[in-house]
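Asks: Letter 90 of the sequence shown, counting from 1, is numbered 90 in full-length UniProt numbering, and no numbers are missing. We put the CB at the ideal spot given by N, CA and C, even for glycine.
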Amino acid sequence: MRELFSALQHTLEGDVLLPQHAEYEAARRVRNARIDHRPAAIVRCASVQDIQHALQLAASQQLPIALRGGGAHVAGYGTCQDGLVLDLSRMKQISVDPVTRLAQVAPGVTWGELDAATQAHGLAVPGPRNPTIGIAGHTLGGGVGDLSRQFGLTSDNLVSCELVTLSGDVLEVNSQRDAELFWGLRGAGANFGVVSRFTFQLHPVEGVVAGVLAWPAQDIPEVLRRARSWLAQAPDQASLIALVWTAPPLPFLPEVLHFERSIMLIPTWFGAPEEADRVLAPLKVGALCDTLQPMRYVDYQRLLPSAPHYQQQHVYNRGELLRELDDVTLEGLLALFRRSGPNFSLVFGALGGAIARAPAGATAFAHRDANWFVEVCAQWYGEPNNPAMLAPAIEAWQQLQTVSCGPYANLLPDHEPRWAQATYGSGWSRLAALKQRFDPTNRLRFNVNISPPSSLMTAPGKEDLT
1 MRELFSALQH TLEGDVLLPQ HAEYEAARRV RNARIDHRPA AIVRCASVQD IQHALQLAAS
61 QQLPIALRGG GAHVAGYGTC QDGLVLDLSR MKQISVDPVT RLAQVAPGVT WGELDAATQA
121 HGLAVPGPRN PTIGIAGHTL GGGVGDLSRQ FGLTSDNLVS CELVTLSGDV LEVNSQRDAE
181 LFWGLRGAGA NFGVVSRFTF QLHPVEGVVA GVLAWPAQDI PEVLRRARSW LAQAPDQASL
241 IALVWTAPPL PFLPEVLHFE RSIMLIPTWF GAPEEADRVL APLKVGALCD TLQPMRYVDY
301 QRLLPSAPHY QQQHVYNRGE LLRELDDVTL EGLLALFRRS GPNFSLVFGA LGGAIARAPA
361 GATAFAHRDA NWFVEVCAQW YGEPNNPAML APAIEAWQQL QTVSCGPYAN LLPDHEPRWA
421 QATYGSGWSR LAALKQRFDP TNRLRFNVNI SPPSSLMTAP GKEDLT
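So, in structure tokens, the structure goes:
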């Protein structure tokens, strides 16, 4: 097969990395160090034609295909064992039209790069608060961000995309051209082909009032209840996340909280700055730390730094979507947090607003009635599958199954088919039909995977998932 890959190299603008190449070891890694796969080859694509040539070779050898934009998915879907990795991270083109408020974006772009380009015109599209995350996977998995309460999910703001199918066809897909495929791409998109261009609707975003509020461990239950009450009344221009963790020695935190169990709120206000104090004041009661201030959107997106040596960090994070944060749910999670080690944390994030106002079934993102996401996080160094590190996070998401609408595709480390079905909910049968049409042998299976119709079944009820 080495000869085939050598021949492929002569057709590419990009390049091919094989296990004997010096760059292969670094290139095969994804963000989660717990994932340690060795693909047969990595094709670093530079153009649509490169994607087509790589897919043709993969078809001739019946190789499974892993797609990589930013390589950040917790399950390590940007790599695979013995298959072909299509690394799109070199495809960096961005074109912003400030008149139509549209951006055309290549799949290797990161959120930091896109935000910088759109903010040059005072525009933005909802995205994550980590600038190193790739735009492709985040969008195709639904895409939650702090702007989502105003403007919807990232995928709700996808107005068109260029898709390279496994057969090498290049399709322009939107609400007029293959509306059913466009529906599926917005929430389950990695299952059907390689998106080589995204076109986003942009929105005016001049700045944000944001920052950090922090309290010690004894205040955690009260702060979470206060945040819950606040969100129930908050306008769509407001959002927040809450981190329950053992705080690292971040420079903006009081020293008394360093390496201590605590809670940190990051509220945001995208409305008129002079209204920020009134809207955010109920959250600030008793905070030991208050850094809320007006800031540029791009600075806000960099507010929380990545962990030191994050590429060596083992990660098991899972996100569940909840309609409500009731007291029983909070008490159970906090009891688990108190008896767990410092590598376990909880993140609570606000949903609702424009996400919920979109019609049910408008896209393949299934759980629009959720008002919160809860991310259970285990992050550590050392042994990749350390049971002591994994156990609290697994117990936490298992606790949540009685109240969860389903998992969030972009935060799902578990590969079992039942969790993919829970993620996609009532859209499962439609998605399976699209899978049959575009990938009947399931060669694109390194994703929150949709089984081809050979194993088609109705999405199970919650009682079958717990």
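1) What does the Cβ neighbour count give for HIS309, buried or exposed, with the cut at 16 atoms within 10 Å?
2) I want to know whether the segment 284-299 touches the segment 338-349 - three or more CB-CB distances under 8 angstroms.
3) Closest by CA to ASP107, which one among ALA116, LEU283, VAL43, SER47?
4) Taking its Cβ as the centre, do 16 or more other Cβ atoms sit within 10 Å of SER262, making it buried, or is it exposed?
5) Run through DSSP, which three-state label would HIS37 get?
6) Would you mind stating whether VAL105 and PHE192 have Cβ atoms separated by less than 8 angstroms?
7) Identify which residue in GLN233, SER451, LEU444, VAL448 has its Cα closest to the Cα of ALA58.
8) Considering only residues of the same chain and omitting the five flanking positions on each side of residue 477, which have a CB-CB separation below 6 angstroms?
9) How should PRO305 be labelled, buried or exposed, when 16 other C-beta atoms within 10 angstroms of its C-beta is the threshold for buried?
10) Beta-carbon separation of LEU280 and LEU288 under 8 angstroms?
11) Can you tell me where the beta strand (DSSP E) with THR402 in it begins and where it stops?
12) Is it the case that the Cβ atoms of ARG323 and LEU412 are separated by a distance below 8 angstroms?
13) Find out if the Cβ-Cβ distance for the pair THR132, GLY76 is shorter than 8 angstroms.
14) Consult DSSP for TYR381 and reduce its assignment to one of helix, strand or coil.
15) Verify whether the separation of the beta carbon atoms of VAL195 and GLU162 is less than 8 angstroms.
16) Does the distance from the C-beta atom of residue 469 to that of ASN157 stay below 8 angstroms?
17) According to DSSP, which residues form a beta bridge with THR268?
18) Between the segment 237-245 and the segment 328-345, do at least 3 Cβ pairs fall closer than 8 angstroms?
19) Would ALA72 pass as a contact of GLY137 if the rule is Cβ separation under 8 angstroms?
20) Which stretch, first to last residue, makes up the alpha helix (DSSP H) that contains LEU280?
21) Tell me whether MET389 sits in a helix, a strand or coil according to DSSP, three-state version.
Replies: Concretely, from the data shown:
1) On the sequence shown, position 309 is the one that residue 309 refers to. In summary, HIS309 is exposed, with fewer than 16 beta-carbon neighbours lying within 10 Å of its beta-carbon over all protein chains present.
2) The segment 284-299 vs the segment 338-349: no contact.
3) As a working mapping, residue 107 is identified with position 107 in the sequence shown. The amino acid at residue 107 is misidentified as Asp; the sequence shows Pro. Ranking ALA116, LEU283, VAL43, SER47 by Cα distance to PRO107 puts SER47 first.
4) Position 262 of the sequence shown holds residue 262. Around the beta-carbon of SER262, 16 or more other beta-carbon atoms lie within 10 Å, marking it buried.
5) Within the sequence shown, numbered from 1, the residue matching residue 37 stands at position 37. Of the three classes helix, strand and coil, the one that applies to HIS37 here is coil, per DSSP.
6) Numbered from 1 along the sequence shown, position 105 holds the residue referred to as residue 105. Numbered from 1 along the sequence shown, position 192 holds the residue referred to as residue 192. Going by C-beta atoms, VAL105 is not nearer than 8 angstroms to PHE192.
7) The residue given as residue 58 occupies position 58 in the sequence shown. Nearest in C-alpha terms to ALA58, of all of GLN233, SER451, LEU444, VAL448, is LEU444.
8) A query on residue 477 cannot be resolved here, the shown segment of the chain reaching from 1 to 466 and no further.
9) Residue numbering aside, residue 305 sits at position 305 when the sequence shown is read from its first letter. Answer is exposed; the Cβ neighbour count stays below 16.
10) Reading the sequence shown from its first residue, position 280 is the one you call residue 280. Reading the sequence shown from its first residue, position 288 is the one you call residue 288. Against a cut-off of 8 angstroms, the Cβ pair of LEU288 and LEU280 comes out as no contact.
11) For the purposes of this step, residue 402 is taken as residue 402 along the sequence shown, with counting starting at 1. THR402: not part of any beta strand (DSSP E); DSSP gives it neither H nor E.
12) Here residue 323 refers to the residue found at position 323 of the sequence shown. Here residue 412 refers to the residue found at position 412 of the sequence shown. Taking a C-beta distance under 8 angstroms as the contact criterion, ARG323 and LEU412 do not qualify as a contact pair.
13) Indexing the sequence shown from 1 puts residue 132 at position 132. Indexing the sequence shown from 1 puts residue 76 at position 76. In this structure, the beta-carbon distance from THR132 to GLY76 does not fall below 8 angstroms.
14) Walking along the sequence shown from the start, residue 381 turns up at place 381. TYR381: coil per DSSP, three-state reduction.
15) For the purposes of this step, residue 195 is identified with residue 195 of the sequence shown, where counting begins at 1. For the purposes of this step, residue 162 is identified with residue 162 of the sequence shown, where counting begins at 1. When the beta-carbon positions are compared, VAL195 and GLU162 come within less than 8 angstroms of each other.
16) Summary: the structure shown does not reach residue 469, with the chain confined to residues 1 through 466, and so no result is reported for it.
17) Residue numbering aside, residue 268 sits at position 268 when the sequence shown is read from its first letter. Paired residues: ALA210, SER239.
18) Yes, they touch.
19) Numbered from 1 along the sequence shown, position 72 holds the residue referred to as residue 72. Numbered from 1 along the sequence shown, position 137 holds the residue referred to as residue 137. Taking 8 angstroms as the Cβ cut-off, ALA72 and GLY137 qualify as a contacting pair.
20) For the purposes of this step, residue 280 is taken as the residue at position 280 of the sequence shown. Residues 276-280.
21) The residue labelled residue 389 in the question sits at position 389 within the sequence shown. DSSP, reduced to helix, strand and coil, places MET389 within a helical segment of the structure shown.
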